[in-house]
Amino acid sequence: MNKLIYILAAIFALSFQACDNIDEADRYIDFPVVSSKRVLLVDFTGQRCVNCPTAAELTHNLVSTIYGDSLVVVSMHAGNQSVKPLRTDMGDKYIEFYGVPNVFPTAVVDGGKPSSEYSSWPGLVSVRAAKMSPVNIALTSNFNSTTGDVNVEYTVTGVQDQDNLKVLLWALESGIQARQQMPDGGYNDKYIHNHIFRDAINSIYGEVVTVAKDEQVTKNVVYTIAKGTDGKFVWNTDNMSVVGFVYNEQTKEVYDVEEISLY
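Be aware that the sequence shown starts at 2, since it is given in the working numbering, and climbs by one per residue.
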């Protein structure tokens, strides 16, 4: 199985490096993979970044044709090629946290070393997908459409003894139509942005959890989605999701991740 993951990742990388024009129907080979663990890919991106749409297409196809729910992608608009409201102050803090260079797009896969060569991202994902996780995370979410309260429950299960654990929860929104600079240098005002980081639910770096082998820890977090002056939610809650991941506070390595619908 691990060899298959590596082979498929290589096919993906080559498809984004090749010079020949290939029909859309022939560009990707659909071989879904059941990986050993779920992988988090944070794509640091921006509306002024000409190469970012190509990287977004790559990550979309990694999810849709190979990994499915085993790969969670988060688009983090941050840095000098991003503009508000998609750009967030927290996103800029995460640039510092992960040591992201001033080059976009850049991916951080499972909290590892940032990579600005998007053709290498499939290989980075395949390496992480072949690992076994010492802890697992499971999420549930309940949304009150009147108050805007989101009740997120997460359960961390210890597969092995592991120290220095934190759980971080993020709110994402998809289906956002906004301007994007394209690879040809032009602008697409009807570009659809997906997996957009909106806010951290349980503080910017999450909260400490302690769990031993064969034990479980369950916690609840309540987060409120704000409303504008018109009384409507500032984000489209129909297109929102919650991402939760458990990581090592010292090394930043992500052990497991899950994404669920807001409701």
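For glycine and all other residues, C-beta sits at the position ideal for the given N, C-alpha and C.
Three or more beta-carbon pairs separated by less than 8 Å are not found between the stretch 194-209 and the stretch 134-141, which leaves the two stretches without contact. A distance below 6 Å between beta-carbons, with the five flanking residues on each side excluded, links Glu216 to the following residues of its chain, in chain order: Gly159. Phe246: member of the beta strand (DSSP E) spanning 241-249, first to last residue. Ser121 has its alpha-carbon roughly 33 Å from the corresponding atom of Thr156. Contact annotation: the stretch 229-249 does not touch the stretch 184-192, with fewer than three C-beta pairs closer than 8 Å. Secondary structure in the stretch 111-158: the alpha helix (DSSP H) runs of 4 residues or longer, each lying completely within the stretch, are 122-130 in chain order. Shown here for Gln161: same chain residues with a beta carbon closer than 8 Å to its own, the five before and five after excluded, namely Pro135, Val136, Lys214 in chain order. By alpha-carbon distance to Ala108, the top candidate from Ile226, Val126, Val247 is Val126.
In the DSSP assignment, His61 falls within the unbroken alpha helix (DSSP H) covering 53-63. Counting only residues of its own chain and dropping the five nearest sequence neighbours on each side, Asn103 has a CB closer than 8 Å to the CB of Gly80, Asn81.
In this structure, the CA atom of Ser71 is about 20 Å from the CA atom of Pro115. Taking a 10 Å sphere around the C-beta of Val84, we find fewer than 16 other C-beta atoms and assign the residue as exposed.
The bridge partners DSSP lists for Ser262 are Ser242. The three-state secondary structure of Tyr192, taken from DSSP, is coil. For Val222, the CB contacts under 7 Å within the same chain, skipping 5 residues up- and downstream, are Val153, Leu170, Ile202, Asn203 in chain order. Shown here, Ser71 sits in a helix according to DSSP, grouped into three states. Taking C-beta separations shorter than 7 Å and ignoring five residues to either side along the sequence, the partners of Ile96 in its chain run Phe45, Ala79, Gly80, following chain order.
Leu41 places its beta carbon less than 8 Å from that of Val258. Per the C-alpha coordinates, the member of Gly100, Met77, Val101 positioned closest to Met91 is Met77.
The beta carbon of Tyr119 sits closer than 8 Å to the beta carbons of Phe17, Asn52, Thr55, Ala56, Leu59, Pro106, Ala108 from its chain, once the five residues preceding and following it are set aside; these are given in chain order. Judged by DSSP secondary structure, Ile197 falls outside any alpha helix (DSSP H) and instead within the beta strand (DSSP E) spanning 197-201. Taking the C-beta atoms as reference points, Ser37 is found no nearer than 8 Å to Met183. Secondary structure at Ile226: coil, using DSSP grouped into helix, strand and coil.
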